[in-house]
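Read the structure below first, then the notes.
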Amino acid sequence: MAMQRLDFGLSDNPEEAEEFYKLLNRSALSICYGLPISLRTEAVLFLYKYSQNSVTEGFNFLRKYHSPSYSILYWINESAHGLPWENPWLTLLLESHSSALLLHSLDDHLTDGSLRANHIILQLRTEAWTRYAQSSKLFGREVHDGVLIADEFIDRYFKSIVDLGIVESLEAHLSRFRSQMGIWSLQPYLLARSFFSKDQAELVRRMYEFFGVAWRLLDDYQDLTEDLENEDISSMIYFLPEDKRQDWKRNNKREILGLLEEIQLEKQISDLINSYLNEAAKLAEDLHLPKYANSLLSLKIKEPSRAWPELA
Numbered sequence: 002m003a004m005q006r007l008d009f010g011l012s013d014n015p016e017e018a019e020e021f022y023k024l025l026n027r028s029a030l031s032i033c034y035g036l037p038i039s040l041r042t043e044a045v046l047f048l049y050k051y052s053q054n055s056v057t058e059g060f061n062f063l064r065k066y067h068s069p070s071y072s073i074l075y076w077i078n079e080s081a082h083g084l085p086w087e088n089p090w091l092t093l094l095l096e097s098h099s100s101a102l103l104l105h106s107l108d109d110h111l112t113d114g115s116l117r118a119n120h121i122i123l124q125l126r127t128e129a130w131t132r133y134a135q136s137s138k139l140f141g142r143e144v145h146d147g148v149l150i151a152d153e154f155i156d157r158y159f160k161s162i163v164d165l166g167i168v169e170s171l172e173a174h175l176s177r178f179r180s181q182m183g184i185w186s187l188q189p190y191l192l193a194r195s196f197f198s199k200d201q202a203e204l205v206r207r208m209y210e211f212f213g214v215a216w217r218l219l220d221d222y223q224d225l226t227e228d229l230e231n232e233d234i235s236s237m238i239y240f241l242p243e244d245k246r247q248d249w250k251r252n253n254k255r256e257i258l259g260l261l262e263e264i265q266l267e268k269q270i271s272d273l274i275n276s277y278l279n280e281a282a283k284l285a286e287d288l289h290l291p292k293y294a295n296s297l298l299s300l301k302i303k304e305p306s307r308a309w310p311e312l313a
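Per this note's numbering, the very first residue in the sequence shown carries number 2; after that it's consecutive.
Rendered as structure tokens:
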């Protein structure tokens, strides 16, 4: 029996947040306009293509991301009866988060080799990081200890990407990923520190990290054969017996996939992903974010998709 492909359920963007999504999209696209004039057109075209948009249908940077990764900002602000999104302080928040999402994606694809670096991509990444660092610090100045918090999140991020080798357990691997999330979990945390208590802000971070881990597990499962071919370490290695983990090599691909199929990896992963989403949704309810909780639950894996041909 072949392993099955797994996918999140659908999580639609609510109409009431449409203006927020437009502003976040606009913020992402505006990164290109920080580049030298001679590079801007090429950078815009790259970002359209990278975001899987055509020029004729308009720019939707967010289609690359599951909605809980960005809608969290909207629901925190709404819950707190917060500020209009045109507020300059929230504009900084959108600049920070849109830059963080782009950086997370670019770095992931540059590191695994699926995206080849060129002068446009390198300049775009540099501009995204500059904007991220500046907007995060400026936003953080209005939050108690916000600048220090931003520095801590960024430092944990860089520490976590230095050593990507095998660790002792799946939990240790996922803990490292939580630190790798730091550049895009910073914004929900700082916003929560502004409107909620410190304890509630910590719950927001846990909730968001539960979602992020669920996404990471799904992404690693979907990239299983590619990661094996490239011998890239992923969370999937920790589902192997400990004495088999050193065999994570392309030459052992058939054996490794056979072992993972025997242990019904797809069921283990779908159950684990759903448990993380359930925990995230419970925290969202505790934080009086019911619509965000619903968006998390809508991602739960209902049933496997068709079998992967390459695993058959």
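C-beta: ideal position from N, C-alpha, C; glycine also.
Review point. Between the C-alpha atoms of residue 112 and residue 178, what's the straight-line distance to the nearest angstrom?
Key: Approximately 15 Å, taken between the alpha carbons.
Review point. Counting Cβ pairs, one atom from each stretch, are 3 or more of them under 8 Å apart for the region 204 to 221 and the region 266 to 285?
Key: Short answer: they touch.
Practice item. Output yes or no for whether 8 Å exceeds the beta carbon distance between residue 81 and residue 9. Key: Against a cut-off of 8 Å, the Cβ pair of residue 9 and residue 81 comes out as no contact.
Exercise for review: Within its chain, find whatever has a CB closer than 8 Å to the CB of residue 251; leave out the 5 residues flanking it on each side and keep chain order.
Suggested key: Contacts found: 229, 230, 231, 232.
Review point. If you compare alpha carbons, which of 76, 215, 201 is closest to residue 16?
Key: Taking only the C-alpha atoms, the option nearest residue 16 is 76.
Practice item. Buried or exposed for residue 174, please, with buried defined as at least 16 other CB atoms from any protein chain shown within 10 angstroms of its CB. Key: With 16 or more other Cβ atoms from the protein chains shown falling within 10 Å of its own Cβ, residue 174 counts as buried.
Point to revise | Beta-carbon separation (whole angstroms), residue 315 vs residue 171, contact threshold 8 Å | key: Because the chain spans 2 through 313 in this model, residue 315 falls outside it and cannot be assessed.
Exercise for review: Below 6 Å CB to CB, which residues in the same chain sit around residue 18 once its five sequence neighbours on both sides are set aside?
Suggested key: Taken in chain order, the residues that qualify are 75.
Point to revise | Contacts around residue 144, its chain only, beta-carbon distance under 8 Å, and the 5 residues preceding and following it disregarded | key: Counting only Cβ-Cβ distances below 8 Å, and skipping sequence neighbours, we find 150, 191, 194, 195.
Check your understanding: residue 136 lies in the alpha helix (DSSP H); which residues open and close that run?
Key -> Per DSSP, residue 136 belongs to the alpha helix (DSSP H) from 120 to 141.
Point to revise | Pairwise C-alpha distance: residue 253 and residue 14 | key: Looking at the backbone, the Cα of residue 14 and that of residue 253 are separated by about 42 Å.
Check your understanding: Rounded to a whole number of angstroms, what is the C-alpha to C-alpha distance between residue 256 and residue 4?
Key -> Each residue's Cα considered, the two are about 14 Å apart.
Check your understanding: Under a three-way DSSP split, which group does residue 247 fall into?
Key -> Three-state result, residue 247: helix.
Practice item. For residue 275, I'd like the list of residues in its chain whose CB is within less than 7 Å of its CB, leaving aside the five on either flank, ordered along the chain. Key: So the qualifying residues of the chain are 301, 302.
Review point. How should residue 132 be labelled, buried or exposed, when 16 other C-beta atoms within 10 angstroms of its C-beta is the threshold for buried?
Key: Residue 132 is buried by the Cβ-count criterion.
Point to revise | Close Cβ partners of residue 40 (< 7 Å) along its chain, the five nearest in sequence each way excluded | key: Answer for residue 40: 121, 124, listed in chain order.
Review point. Roughly how many angstroms lie between the CA atoms of residue 263 and residue 159, to the nearest whole one?
Key: In a straight line, the C-alpha of residue 263 is about 37 Å away from that of residue 159.
Review point. In whole angstroms, what is the alpha-carbon distance linking residue 309 and residue 184?
Key: Confidence in residue 309 is poor, its pLDDT being 46 and thus under 50, which makes the residue's placement unreliable; the coordinate value appears in the next sentence. C-alpha separation (whole angstroms): 33 Å.
Practice item. Would you decide whether residue 157 is buried or exposed? Buried here means 16 or more other CB atoms lie within 10 Å of its CB. Key: Buried, by the Cβ-count rule.
Exercise for review: Could you name each continuous alpha helix (DSSP H) segment of 4 residues or more that falls completely within the region 190 to 235, going from the start of the chain to the end?
Suggested key: Under the rule that a run must span 4 or more residues, the alpha helix (DSSP H) segments found entirely inside the region 190 to 235 read 199 to 223, 225 to 231.
Practice item. Ignore the nearest five residues each way along the sequence and tell me which others in residue 110's own chain have a CB closer than 6 Å to its CB. Key: Around residue 110: 116.
Review point. Below 8 Å between beta carbons: does that hold for residue 64 and residue 52?
Key: Between residue 64 and residue 52, the C-beta spacing is below 8 Å.
Check your understanding: Using the beta-carbon count (16 or more within 10 Å), is residue 78 buried or exposed?
Key -> By the 10 Å Cβ count, residue 78 comes out buried.
Point to revise | residue 118, buried or exposed, once every other Cβ within 10 Å from all chains shown has been counted against 16 | key: Answer is exposed; the Cβ neighbour count stays below 16.
Review point. First and last residue of the alpha helix (DSSP H) that includes residue 51?
Key: For residue 51, the uninterrupted alpha helix (DSSP H) run begins and ends at 38 to 51, by DSSP.
Check your understanding: Residues in its own chain within less than 6 Å of residue 62 by CB, not counting five upstream and five downstream?
Key -> A distance below 6 Å between beta-carbons, with the five flanking residues on each side excluded, links residue 62 to the following residues of its chain, in chain order: 26, 29, 52.
**Study point:** Rounded Cβ spacing between residue 235 and residue 224 (contact assumed at less than 8 Å)
**Key:** Going by Cβ atoms, the distance from residue 235 to residue 224 rounds to 7 Å, so yes, they are a contact pair.
**Study point:** Where the alpha helix (DSSP H) through residue 21 begins and ends
**Key:** Note, residue 21: alpha helix (DSSP H), 19 to 30.
Exercise for review: Please name the residue in 181, 203, 91 whose C-alpha comes closest to that of residue 21.
Suggested key: Measuring C-alpha to C-alpha distances from residue 21 to each of 181, 203, 91 identifies 91 as the nearest.
Check your understanding: Under 8 Å between the Cβ atoms of residue 93 and residue 140?
Key -> Against a cut-off of 8 Å, the Cβ pair of residue 140 and residue 93 comes out as a contact.
Check your understanding: With distances taken between CB atoms, is the gap from residue 278 to residue 202 smaller than 8 Å?
Key -> With contacts defined by Cβ atoms closer than 8 Å, residue 278 and residue 202 do not form a contacting pair.
Exercise for review: Please work out which residues of its chain come closer than 7 Å, Cβ to Cβ, to residue 266, disregarding the five sequence neighbours upstream and downstream, and give them in chain order.
Suggested key: The beta carbon of residue 266 sits closer than 7 Å to the beta carbons of 4, 240 from its chain, once the five residues preceding and following it are set aside; these are given in chain order.
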